[in-house]
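Okay, so here's the structure we're looking at.
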Amino acid sequence: MIIFHFTRFLLFSLLVMGELTNHTIDDTLGDQLTGFQVDYSPASNAGALVWKNASQCNNCAIVPSSSSAMYNTWTSATYYPALGNVTAQMVFHGSAIYIYLILSNFPKSTGLVSDAICDFRIDGEVAGSFRHDTDGTYQFEYNVLAYSNVTLDDDDHSLLIEISGMEPSYVIFDYAVYTNTRVSITFPAAVSSTSSTTQNLATTSLFVSTAGPPPSFSASSSFRQPFKGAIAGIVVGVLIFIVVIASSFLYFRRRNHNSSLPAK
């Protein structure tokens, strides 16, 4: 009977579930969860910056409004074929990724590059492309979803924005959003002294984050085990807590029962 009550206690006391959560990777501020920055390459060409953020672009010909950008920041690059390859790389642990750009629409007659042309690589493989041809209206377009992928394994990944080829391109990166899992554990906040069931439950959300590698990282399973190990550690810790509480409850219940028996 005691084993039955104890088993039921464990079943009702612990619930581990995954909750999908979104996190932002800002062009300038980096990953809001891990703190890792976007890796822009090349940093410069012939002494001039290739990628420039809002604070570095006071003399740029095409300047979006910072107040309309996420966290008032943006980073842009003007690409010409002579540069060969221009990239922005970020790493994340998740099952989905969304890339948002700002688009410019300066007329071609101005001689300014305003078309946005780029590819997207997931874990080194080309996974999509984006093209925007200027409409000549001088207007900017904000929060433009240029790429999304919602079919990734919930694992560590790298995403690369790549500008290459024979056409000039002006890419303004604003931010990315990725989705991963938060672990939520439900356990008893109080145990009744007269019943083997709980009187009320408290739910604690424990976010398990993974300390990922620096931006130069190429995707691998290097931090997959710490991620799973952290979850296992939390579950084991909560189970130990439950065992201690349940054992104490059973001990004091038996003690009270014995003390209530008439003396022989």
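Residue numbers for the sequence shown, in mature numbering (1 follows the signal peptide of the UniProt record, and there is no 0): -18 to -1, 1 to 246. Beta carbons are placed, not taken as given, at the ideal position from N, Cα and C, and that holds for glycine.
Following the DSSP letters along the chain, one finds glutamate 107 inside the beta strand (DSSP E) bounded by residues 107 to 114. Comparing alpha carbon positions, the residue from Ser49, Pro150, Tyr160 and Asp156 closest to serine 130 is Tyr160. For glutamine 19, the three-state secondary structure derived from DSSP is coil.
Going by DSSP, aspartate 101 is part of the beta strand (DSSP E) stretching over 98 to 104. Check the Cα spacing between methionine 52 and each of Asn35, Pro63 and Tyr61: the tightest is with Asn35. For lysine 34, the enclosing beta strand (DSSP E) stretches over residues 33 to 35.
For aspartate 21, the closest alpha carbon among the candidates Val73, Gly147, Thr55 and Ser111 is that of Val73.
Secondary-structure assignment with DSSP links aspartate 136 through no beta bridge to anything.
By the Cβ-count criterion, glutamate 144 is buried, with 16 or more other Cβ atoms from all chains shown falling within 10 Å of its own Cβ.
Rounded to whole angstroms, cysteine 39 and serine 58 show a C-alpha spacing of 9 Å.
One Cα belongs to tyrosine 152, the other to threonine 55, and the distance between them is close to 17 Å. The Cβ-Cβ distance between phenylalanine 122 and leucine 94 does not fall below 8 Å. Counting along the chain, no beta strand (DSSP E) covers methionine 148, and no H or E run does either. Counting C-beta pairs with one atom in each stretch, the region 133 to 140 and the region 67 to 81 have three or more that are closer than 8 Å, which means they touch. The C-alpha of serine 140 lies about 6 Å from the C-alpha of isoleucine 104.
In the displayed model, tyrosine 61 falls within a strand according to three-state DSSP.
Secondary structure of tyrosine 120 (DSSP, three-state): coil.
Beta-bridge analysis with DSSP links leucine 232 to no other residue.
In this structure threonine 92 is exposed. Its beta-carbon is surrounded by fewer than 16 other beta-carbon atoms within 10 angstroms.
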